[in-house]
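Numbering (my numbering), first residue to last: -19 to 219.
By construction, the Cβ of each residue, glycine as well, lies at the ideal position given by its N, Cα and C atoms.
In what follows, a structure is listed as structure tokens, so that the remarks can point back to it.
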């Protein structure tokens, strides 16, 4: 199991630090202010020999004093994605990593790479901490992986909750629209109904049936006298 030996470096210096696209970093400082070019990290981060930074247990590609990023002193990982800001690295195994906190990228070999034999960069002495030797901290890959998963898992849970809430809201809106459509058809809803539809809906089936039955009875009454006369005219008296 590889062990990441990291030196806590309180970075400082007057050199400016830039992200891969040339954007000036407002938070980073050079890990080695005496070198012509140097990788940069935040003041609370651990500087690694490969130019990466370890901040709160998370590996990051930060910035570099070489604005063109052609110097080998600049980090050689995750330069294309998040080129205008820091890019976190997610552990896939004990020795392989991928850029960003996307677990699915670990399944593709094209997006993974190995990090072995990580060593601390040359330590810079803090202007506020008078120590004869730099503070050295040992981190194993599982420890780094556990920290990254501790951030990635809650993020996935939050995404799942938001997806559920959006689905529930969409289902509720669909039910409301369906209820209003049925109300417009049957005339029992609270939504506004056009005058034409309201006029038709007030004529229920029972009212229409009674009115039609009345019309039929009225027609029978009108025909009844004529039918009686016709019947008496053709009647035959039997003795």
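Rounded to whole angstroms, what's the CA-CA distance from residue i to residue j? Just pull it up for me.
{"i": "residue 40", "j": "residue 8", "result": "12 Å"}
{"i": "residue -1", "j": "residue 6", "result": "10 Å"}
{"i": "residue 96", "j": "residue 2", "result": "28 Å"}
{"i": "residue 26", "j": "residue 60", "result": "23 Å"}
{"i": "residue 72", "j": "residue 88", "result": "11 Å"}
{"i": "residue 141", "j": "residue 152", "result": "17 Å"}
{"i": "residue 67", "j": "residue 38", "result": "10 Å"}
{"i": "residue 50", "j": "residue 148", "result": "51 Å"}
{"i": "residue -6", "j": "residue 74", "result": "36 Å"}
{"i": "residue 11", "j": "residue 58", "result": "19 Å"}
{"i": "residue 156", "j": "residue 137", "result": "29 Å"}
{"i": "residue 13", "j": "residue 145", "result": "50 Å"}
Does residue i come out as helix, strand or coil in the three-state DSSP assignment?
{"i": "residue 3", "result": "coil"}
{"i": "residue 66", "result": "coil"}
{"i": "residue 83", "result": "helix"}
{"i": "residue 32", "result": "coil"}
{"i": "residue 92", "result": "strand"}
{"i": "residue 153", "result": "helix"}
{"i": "residue 75", "result": "coil"}
{"i": "residue -2", "result": "strand"}
{"i": "residue 57", "result": "coil"}
{"i": "residue 110", "result": "With a pLDDT of 40 at residue 110, under the threshold of 50, the modelled position of that residue is not reliable, and the figure given next carries that caveat. Correct three-state label for residue 110: coil."}
I'd like the list of long-range same chain contacts for residue i, defined as Cβ closer than 8 Å, with 5 residues on each side in sequence excluded.
{"i": "residue 82", "result": "70"}
{"i": "residue 55", "result": "19, 30, 31, 32, 41, 42, 44"}
{"i": "residue 91", "result": "78, 79, 85"}
{"i": "residue -3", "result": "4, 5, 8, 9, 10, 20, 42, 43, 44, 45"}
Could you round the C-beta distance between residue i and residue j to whole angstroms and report it? I think they count as a contact, below 8 Å.
{"i": "residue 24", "j": "residue 35", "result": "6 Å"}
{"i": "residue 93", "j": "residue 46", "result": "Wrong, their Cβ atoms sit about 21 Å apart, outside the cutoff."}
Leaving aside the five residues before and after residue i along the sequence, list all residues of the same chain whose C-beta is less than 7 Å from its C-beta, in chain order.
{"i": "residue 65", "result": "-1"}
{"i": "residue 179", "result": "Note that residue 179 has pLDDT 41, beneath the 50 cutoff, so the model's placement of it is unreliable and the number below is only indicative. Hits under 7 Å: none found."}
Can you give me the Cβ contacts of residue i inside the same chain, cut-off strictly under 6 Å, excluding the 5 residues immediately before and after it?
{"i": "residue 76", "result": "92, 94"}
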